[in-house]
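A quick write-up on the structure given underneath.
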Amino acid sequence: MFTITGFADELGPDFYAQMEIWRQMELSWFELRSAWGSNVMELTDEQVSLIGKTIKGCGIKVSCIGSPIGKTFIEDPLSLEMKRLERAVRLANFFGCGRVRIFSFYCKNGNILEHRDEVLSRLEKMTEFASREGVTLLHENESEIYGQLSAQSAEIAAALKSDHFGLVFDPANYSIAGENALDAEKVMHKYISYVHVKDYSGHALDMSVPGEGVSCIPQVFDRLRDRDIFISMEPHLDVAGRFGGGTSPEKFAVAVNAVRKILDGLGIEWK
(Lines of atoms letter the chains of each structure in order from A; the text may use other names.)
(Lines give C-alpha, C1' and ligand atoms only; values in the text may rest on other atoms or scores of the structure.)
Protein backbone atom coordinates (compact mmCIF):
# COMPACT_ATOMS: atom_id res chain seq x y z
CA MET A 322 0.00 0.00 0.00
CA PHE A 323 1.15 3.54 -0.75
CA THR A 324 0.82 6.12 2.02
CA ILE A 325 0.59 9.71 0.82
CA THR A 326 2.67 12.19 2.79
CA GLY A 327 4.26 15.46 1.73
CA PHE A 328 6.14 18.66 2.48
CA ALA A 329 3.53 20.85 4.13
CA ASP A 330 5.96 23.78 4.23
CA GLU A 331 5.46 24.24 0.47
CA LEU A 332 2.16 25.86 1.46
CA GLY A 333 3.82 28.69 3.39
CA PRO A 334 5.69 29.31 6.65
CA ASP A 335 2.79 29.25 9.15
CA PHE A 336 2.70 25.76 10.61
CA TYR A 337 -0.83 26.03 11.95
CA ALA A 338 -2.08 27.08 8.51
CA GLN A 339 -0.18 24.19 6.94
CA MET A 340 -1.92 21.67 9.17
CA GLU A 341 -5.35 23.18 8.57
CA ILE A 342 -4.88 22.85 4.81
CA TRP A 343 -3.48 19.34 5.33
CA ARG A 344 -6.62 18.42 7.23
CA GLN A 345 -8.81 19.84 4.46
CA MET A 346 -6.96 17.70 1.91
CA GLU A 347 -7.52 14.66 4.17
CA LEU A 348 -3.82 13.95 4.49
CA SER A 349 -2.68 12.15 7.63
CA TRP A 350 1.11 12.31 7.25
CA PHE A 351 3.68 15.00 6.46
CA GLU A 352 7.43 15.31 6.06
CA LEU A 353 8.85 17.85 8.50
CA ARG A 354 11.33 20.13 6.71
CA SER A 355 10.53 23.53 8.23
CA ALA A 356 7.95 25.37 10.30
CA TRP A 357 7.35 29.06 10.98
CA GLY A 358 10.07 29.85 8.45
CA SER A 359 12.76 27.90 10.33
CA ASN A 360 14.48 24.80 9.00
CA VAL A 361 13.77 21.66 11.01
CA MET A 362 17.36 21.67 12.27
CA GLU A 363 16.89 25.17 13.68
CA LEU A 364 13.62 24.61 15.52
CA THR A 365 13.73 25.23 19.26
CA ASP A 366 12.61 22.59 21.73
CA GLU A 367 9.56 24.75 22.43
CA GLN A 368 8.65 24.82 18.73
CA VAL A 369 9.13 21.07 18.46
CA SER A 370 6.82 20.59 21.42
CA LEU A 371 4.20 22.86 19.81
CA ILE A 372 4.39 20.86 16.59
CA GLY A 373 3.92 17.64 18.53
CA LYS A 374 0.87 18.97 20.36
CA THR A 375 -0.63 20.43 17.18
CA ILE A 376 -0.36 17.29 15.07
CA LYS A 377 -1.63 15.13 17.91
CA GLY A 378 -4.74 17.28 18.04
CA CYS A 379 -5.16 17.03 14.26
CA GLY A 380 -4.55 13.29 14.06
CA ILE A 381 -1.58 13.89 11.75
CA LYS A 382 1.81 12.14 11.97
CA VAL A 383 5.37 12.78 10.78
CA SER A 384 6.62 10.35 8.13
CA CYS A 385 10.22 11.59 7.98
CA ILE A 386 12.49 14.36 9.21
CA GLY A 387 13.30 16.24 6.00
CA SER A 388 16.73 17.38 7.11
CA PRO A 389 19.35 19.09 4.93
CA ILE A 390 22.12 16.91 6.39
CA GLY A 391 24.70 16.19 3.71
CA LYS A 392 23.96 19.40 1.80
CA THR A 393 27.33 20.61 2.99
CA PHE A 394 30.84 20.49 1.57
CA ILE A 395 32.82 17.28 1.86
CA GLU A 396 35.79 19.45 2.90
CA ASP A 397 33.98 20.55 6.08
CA PRO A 398 34.60 18.62 9.32
CA LEU A 399 32.40 15.55 9.70
CA SER A 400 31.90 16.45 13.37
CA LEU A 401 29.61 19.31 12.33
CA GLU A 402 27.28 16.99 10.42
CA MET A 403 27.37 14.36 13.16
CA LYS A 404 26.19 16.97 15.64
CA ARG A 405 23.31 17.86 13.34
CA LEU A 406 22.56 14.18 12.80
CA GLU A 407 22.27 13.66 16.55
CA ARG A 408 19.63 16.38 16.64
CA ALA A 409 17.77 14.96 13.64
CA VAL A 410 17.76 11.47 15.13
CA ARG A 411 16.36 12.83 18.40
CA LEU A 412 13.60 14.54 16.42
CA ALA A 413 12.85 11.33 14.51
CA ASN A 414 12.48 9.45 17.76
CA PHE A 415 10.46 12.24 19.38
CA PHE A 416 7.93 12.16 16.54
CA GLY A 417 8.06 8.37 16.27
CA CYS A 418 8.84 8.36 12.55
CA GLY A 419 12.21 6.63 12.63
CA ARG A 420 13.40 8.24 9.36
CA VAL A 421 15.77 11.09 8.49
CA ARG A 422 16.32 12.38 4.95
CA ILE A 423 19.98 13.03 4.07
CA PHE A 424 22.23 13.87 1.10
CA SER A 425 25.74 12.89 0.01
CA PHE A 426 27.70 16.14 0.06
CA TYR A 427 28.85 18.85 -2.31
CA CYS A 428 32.45 19.57 -3.25
CA LYS A 429 34.03 23.01 -3.40
CA ASN A 430 35.66 22.38 -6.78
CA GLY A 431 32.46 20.84 -8.14
CA ASN A 432 33.88 17.34 -8.71
CA ILE A 433 32.43 15.34 -5.83
CA LEU A 434 33.12 12.03 -7.60
CA GLU A 435 36.80 12.50 -6.72
CA HIS A 436 35.81 12.08 -3.06
CA ARG A 437 34.07 8.69 -3.35
CA ASP A 438 35.92 7.02 -0.47
CA GLU A 439 35.33 9.93 1.91
CA VAL A 440 31.65 10.11 0.98
CA LEU A 441 31.15 6.41 1.67
CA SER A 442 33.16 6.60 4.90
CA ARG A 443 31.06 9.47 6.19
CA LEU A 444 27.76 7.88 5.25
CA GLU A 445 28.86 4.63 6.90
CA LYS A 446 29.61 6.43 10.17
CA MET A 447 26.32 8.29 9.98
CA THR A 448 24.38 5.10 9.28
CA GLU A 449 26.07 3.27 12.14
CA PHE A 450 25.04 6.03 14.53
CA ALA A 451 21.45 6.12 13.25
CA SER A 452 21.22 2.34 13.45
CA ARG A 453 22.19 2.35 17.13
CA GLU A 454 19.34 4.80 17.73
CA GLY A 455 16.81 2.77 15.74
CA VAL A 456 16.56 5.33 12.93
CA THR A 457 16.84 4.81 9.17
CA LEU A 458 18.65 7.30 6.94
CA LEU A 459 17.05 7.97 3.56
CA HIS A 460 19.38 9.36 0.90
CA GLU A 461 17.82 11.67 -1.68
CA ASN A 462 19.29 12.21 -5.13
CA GLU A 463 20.09 15.87 -5.72
CA SER A 464 22.02 17.90 -8.29
CA GLU A 465 25.77 18.24 -7.67
CA ILE A 466 25.99 15.83 -4.72
CA TYR A 467 27.74 12.45 -4.99
CA GLY A 468 24.41 10.65 -5.39
CA GLN A 469 23.18 12.92 -8.17
CA LEU A 470 22.74 10.01 -10.61
CA SER A 471 21.21 6.59 -10.07
CA ALA A 472 24.47 4.65 -10.44
CA GLN A 473 26.08 6.53 -7.56
CA SER A 474 22.94 6.35 -5.40
CA ALA A 475 22.75 2.58 -5.89
CA GLU A 476 26.49 2.30 -5.29
CA ILE A 477 26.10 3.96 -1.90
CA ALA A 478 23.28 1.64 -0.82
CA ALA A 479 25.14 -1.45 -2.04
CA ALA A 480 28.30 -0.43 -0.20
CA LEU A 481 26.57 0.29 3.11
CA LYS A 482 24.43 -2.87 3.13
CA SER A 483 22.35 -1.66 6.05
CA ASP A 484 18.71 -2.12 6.97
CA HIS A 485 18.97 1.41 8.37
CA PHE A 486 19.90 3.02 5.05
CA GLY A 487 17.61 3.39 2.06
CA LEU A 488 17.15 5.54 -1.01
CA VAL A 489 14.61 8.25 -1.68
CA PHE A 490 13.64 8.16 -5.34
CA ASP A 491 13.01 11.65 -6.71
CA PRO A 492 12.18 11.17 -10.41
CA ALA A 493 12.13 14.89 -11.21
CA ASN A 494 15.64 15.37 -9.85
CA TYR A 495 16.88 12.63 -12.18
CA SER A 496 15.04 14.24 -15.09
CA ILE A 497 16.68 17.58 -14.32
CA ALA A 498 20.09 15.85 -14.19
CA GLY A 499 19.47 14.49 -17.70
CA GLU A 500 18.72 10.91 -16.69
CA ASN A 501 15.60 9.05 -17.76
CA ALA A 502 13.51 8.48 -14.63
CA LEU A 503 12.57 4.91 -15.58
CA ASP A 504 16.19 4.01 -16.29
CA ALA A 505 17.12 5.46 -12.91
CA GLU A 506 14.36 3.51 -11.17
CA LYS A 507 15.61 0.27 -12.71
CA VAL A 508 19.12 0.86 -11.39
CA MET A 509 17.90 1.75 -7.89
CA HIS A 510 14.84 -0.48 -7.70
CA LYS A 511 15.78 -2.83 -4.87
CA TYR A 512 17.03 0.00 -2.67
CA ILE A 513 14.09 2.42 -3.00
CA SER A 514 12.45 2.99 0.38
CA TYR A 515 10.61 6.28 -0.17
CA VAL A 516 9.45 8.40 -3.12
CA HIS A 517 9.29 12.16 -3.61
CA VAL A 518 6.53 13.14 -6.01
CA LYS A 519 7.35 16.00 -8.32
CA ASP A 520 7.25 15.92 -12.10
CA TYR A 521 9.70 17.88 -14.27
CA SER A 522 8.13 19.81 -17.13
CA GLY A 523 11.23 19.52 -19.28
CA HIS A 524 11.85 23.27 -19.27
CA ALA A 525 14.20 25.29 -17.03
CA LEU A 526 13.30 24.32 -13.43
CA ASP A 527 9.55 24.33 -13.97
CA MET A 528 7.48 21.48 -12.57
CA SER A 529 4.22 19.99 -13.83
CA VAL A 530 1.21 18.48 -12.12
CA PRO A 531 2.20 14.86 -11.36
CA GLY A 532 1.59 12.72 -14.41
CA GLU A 533 1.80 15.60 -16.88
CA GLY A 534 5.60 16.02 -17.06
CA VAL A 535 8.53 13.94 -18.29
CA SER A 536 9.38 12.13 -15.03
CA CYS A 537 7.24 9.04 -15.65
CA ILE A 538 5.30 9.26 -12.39
CA PRO A 539 2.60 6.67 -13.29
CA GLN A 540 5.19 4.19 -14.56
CA VAL A 541 7.32 4.62 -11.44
CA PHE A 542 4.29 3.98 -9.25
CA ASP A 543 3.46 0.88 -11.27
CA ARG A 544 6.95 -0.56 -10.81
CA LEU A 545 6.74 -0.04 -7.05
CA ARG A 546 3.13 -1.19 -6.67
CA ASP A 547 3.95 -4.14 -4.41
CA ARG A 548 5.75 -2.05 -1.79
CA ASP A 549 4.48 -0.67 1.47
CA ILE A 550 5.95 2.77 0.92
CA PHE A 551 5.51 6.48 1.56
CA ILE A 552 5.08 8.74 -1.46
CA SER A 553 5.81 12.32 -0.48
CA MET A 554 4.16 15.23 -2.28
CA GLU A 555 6.71 17.89 -3.24
CA PRO A 556 5.10 19.44 -6.33
CA HIS A 557 7.09 22.73 -6.55
CA LEU A 558 4.40 24.16 -8.83
CA ASP A 559 5.10 27.81 -8.01
CA VAL A 560 8.75 27.89 -6.89
CA ALA A 561 11.54 25.33 -7.20
CA GLY A 562 14.94 25.69 -5.55
CA ARG A 563 17.85 23.85 -3.98
CA PHE A 564 16.53 24.16 -0.43
CA GLY A 565 12.80 23.81 -1.03
CA GLY A 566 9.91 25.00 -3.11
CA GLY A 567 6.50 26.58 -3.00
CA THR A 568 3.03 25.57 -4.10
CA SER A 569 -0.24 27.39 -3.46
CA PRO A 570 -2.92 25.50 -1.52
CA GLU A 571 -5.07 25.32 -4.66
CA LYS A 572 -2.29 23.87 -6.80
CA PHE A 573 -1.17 21.52 -4.03
CA ALA A 574 -4.71 20.10 -3.88
CA VAL A 575 -4.66 19.64 -7.66
CA ALA A 576 -1.37 17.72 -7.35
CA VAL A 577 -2.68 15.50 -4.55
CA ASN A 578 -5.85 14.71 -6.46
CA ALA A 579 -3.82 13.94 -9.58
CA VAL A 580 -1.73 11.42 -7.64
CA ARG A 581 -4.81 9.81 -6.12
CA LYS A 582 -6.33 9.53 -9.60
CA ILE A 583 -3.15 7.92 -10.96
CA LEU A 584 -3.09 5.38 -8.13
CA ASP A 585 -6.77 4.57 -8.59
CA GLY A 586 -6.21 4.10 -12.32
CA LEU A 587 -3.35 1.69 -11.60
CA GLY A 588 -5.36 -0.20 -9.01
CA ILE A 589 -2.83 0.59 -6.27
CA GLU A 590 -4.20 0.83 -2.75
CA TRP A 591 -3.40 4.08 -0.97
CA LYS A 592 -4.22 5.98 2.18
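Residue numbering for the sequence shown follows our numbering, starting at 322 and increasing by one per position. Even glycine gets a Cβ: it sits at the ideal position worked out from N, Cα and C. Keep in mind the model is a prediction, meaning the values are calculated, not measured.
Classify residue i as buried or exposed, calling it buried when 16 or more other Cβ atoms lie within 10 Å of its own Cβ.
i      : result
Met322 : exposed
His524 : exposed
Leu488 : buried
Leu412 : buried
Gly588 : exposed
Glu506 : buried
Ser370 : exposed
Would you kindly work out how many angstroms separate the C-alpha atoms of residue i and residue j, rounded to a whole number?
i      : j      : result
Glu347 : Phe573 : 12 Å
Lys382 : Ala493 : 26 Å
Glu449 : Cys537 : 34 Å
Cys385 : Arg405 : 15 Å
Tyr337 : Thr375 : 8 Å
Gly417 : Lys377 : 12 Å
Below 8 Å on the Cβ atoms is my guess for residue i versus residue j; work out the distance and round it to an integer in Å.
i      : j      : result
Gln469 : Glu463 : 7 Å
Leu441 : Ala480 : 5 Å
Ile466 : Tyr427 : 6 Å
Met509 : Ala475 : 5 Å
Gly380 : Glu352 : With 8 Å as the limit, Gly380 and Glu352 do not qualify as a contact, their Cβ atoms being about 17 Å apart.
Ser496 : Ser452 : So it is not a contact: roughly 32 Å between Cβ atoms.
Val410 : Leu459 : About 13 Å; that fails the 8 Å criterion.
Ala561 : Leu526 : 5 Å
Considering only their Cβ atoms, is the gap separating residue j from residue i smaller than 8 Å?
i      : j      : result
Gly419 : Val456 : yes
Gly423 : Gly391 : It should be noted that the sequence gives Ile, not Gly, for residue 423. Result yes, Cβ atoms of Ile423 and Gly391 sit closer than 8 Å.
His557 : Lys519 : yes
Phe328 : Gly373 : no
Ile342 : Val577 : no
Tyr521 : Val541 : no
Ser355 : Asp330 : yes
Tyr515 : Phe486 : no
Pro531 : Leu332 : no
Glu555 : Gly566 : yes
Arg443 : Leu399 : yes
His517 : Asp491 : yes
Do the segment 355–371 and the segment 391–402 make contact, defined as three or more Cβ pairs closer than 8 Å? no
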